[in-house]
Amino acid sequence: MNFLEERIVKDGIVKEGNVLKVDSFLNHQMDIALFEQMGEEFKKRFEGCNINKILTIEASGIGIACIVAKYFNAPVVFAKKSKSINIEGEMYCADVESFTHKNVNQVIVSKKFLGPEDHVLIIDDFLANGCALQGLISIVNQAGGTVEGIGIAIEKGFQVGGRIIRNLGIKLESLAIVDGMDAATGTITFREQ
Ligand code: 5GP
Numbered sequence: 152m153n154f155l156e157e158r159i160v161k162d163g164i165v166k167e168g169n170v171l172k173v174d175s176f177l178n179h180q181m182d183i184a185l186f187e188q189m190g191e192e193f194k195k196r197f198e199g200c201n202i203n204k205i206l207t208i209e210a211s212g213i214g215i216a217c218i219v220a221k222y223f224n225a226p227v228v229f230a231k232k233s234k235s236i237n238i239e240g241e242m243y244c245a246d247v248e249s250f251t252h253k254n255v256n257q258v259i260v261s262k263k264f265l266g267p268e269d270h271v272l273i274i275d276d277f278l279a280n281g282c283a284l285q286g287l288i289s290i291v292n293q294a295g296g297t298v299e300g301i302g303i304a305i306e307k308g309f310q311v312g313g314r315i316i317r318n319l320g321i322k323l324e325s326l327a328i329v330d331g332m333d334a335a336t337g338t339i340t341f342r343e344q
């Protein structure tokens, strides 16, 4: 097991409905020493990729993205969830269905902060059905930029997102891939990487 898998086993809680709770170290209280390890690992996995910008989505991707960004010496842009309607023109927009909240958010990025010159590493905490990532990929495409790769902390490998994104031919690196989890026993099975 790698450092993140060990931490998930130690502090993660399996909930009903295929939800893994990791709020004691990843997306509510945040363990910055762990994030540093993640940043170092992503730097290794994306070695040689020409990355000048990190893109994530609010809220829980932001903390991880900021630490990862240090390792790539690049700024972080985060897509904002927005209810506003009349913003076309200045913003790239995409609709994202939330796995955890079961609603659809419009996410926006200002055209000032993403353009054809950008080589983007997308970072997020979880990959489930892939809706958040597809929204972010669409935003990079609208900007005429290049998605160099995607780095995810925890992929739930039993949901469809990983397959959809890899089928697009994008380099996707997940630090932990959960292939199964059982809310009754709390057991978590990881994919060998
Ligand atoms: P997707 O768009 O891939 O279906 O879901 C990704 C988003 O849903 C992530 O950004 C994350 O915030 C949230 N999410 C999905 N599955 C889980 C989960 O099992 N636990 C937690 N804490 N968040 C999740």
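Residue numbers (my numbering): 152 to 344. Ideal Cβ placement from N, Cα and C applies to all residues, glycine included.
Please work out which residues of its chain come closer than 6 angstroms, Cβ to Cβ, to residue i, disregarding the five sequence neighbours upstream and downstream, and give them in chain order.
| i | result |
| --- | --- |
| Arg342 | Gly308, Ile328 and Asp330 |
| Ala245 | Val258, Gly286, Ser289 and Ile290 |
| Ser305 | A small fix is needed here, since residue 305 is Ile in this sequence, not Ser. So the qualifying residues of the chain are Phe277 and Ala327. |
| Val227 | Ile205, Ala216, Cys217 and Ala220 |
| Thr340 | Asp330 and Gly331 |
| Ser233 | Gln257 and Ile259 |
Note down, in chain order, each residue of its chain lying with its Cβ closer than 8 angstroms to the Cβ of residue i, except the 5 sequence neighbours on either side.
| i | result |
| --- | --- |
| Ala225 | Ile202, Asn203, Lys204, Ile205 and Leu272 |
| Asp317 | Reading the sequence as shown, one finds Arg at residue 317 and not Asp. Closer than 8 angstroms at the Cβ level, and outside the excluded window around Arg317, lie Leu323. |
On the DSSP bridge list, what partners appear for residue i?
| i | result |
| --- | --- |
| Asn256 | Val247 |
| Ala230 | Ile208 |
| Val165 | Leu171 |
Going by beta carbon distance, what residues of the same chain come within less than 7 angstroms of residue i, once the five residues before and after it are set aside?
| i | result |
| --- | --- |
| Asn178 | Ser211 and Asp276 |
| Met181 | Gly214 |
| Ile274 | Ile205, Thr207, Gly212, Ile215, Ala216, Val219 and Gly302 |
| Asn280 | Phe250, Gln310, Val311 and Gly312 |
| Ala334 | Val165, Lys166 and Glu167 |
| Glu156 | Ala327 and Phe341 |
On the DSSP letters alone, give me the boundaries of the beta strand (DSSP E) that residue i sits inside.
| i | result |
| --- | --- |
| Lys307 | Thr297 to Lys307 |
| Asp330 | Leu323 to Met332 |
| Val271 | His270 to Leu278 |
| Ile339 | Ile339 to Phe341 |
Mind reading off the beta-carbon distance from residue i to residue j? Whole number of angstroms is fine, and I expect it under 8 angstroms.
| i | j | result |
| --- | --- | --- |
| Val260 | Ala230 | 5 angstroms |
| Val105 | Cys200 | An answer regarding residue 105 cannot be provided, because it is not within the stretch 152 to 344 covered by the chain. |
| Val298 | Ile315 | Rounded, the Cβ-Cβ distance is 14 angstroms, inconsistent with contact. |
| Ala294 | Leu265 | 4 angstroms |
| Val173 | Ile159 | 7 angstroms |
Residue i lies in the alpha helix (DSSP H); which residues open and close that run?
| i | result |
| --- | --- |
| Leu284 | Cys282 to Ala294 |
| Asn203 | Note, Asn203: premise wrong, no alpha helix (DSSP H); not H, not E. |
| Ala184 | Ile183 to Arg196 |
| Asn153 | Asn153 -> no alpha helix (DSSP H), and no H or E assigned at all. |
| Gly240 | Note, Gly240: premise wrong, no alpha helix (DSSP H); not H, not E. |
| Gly313 | Gly312 to Asn318 |
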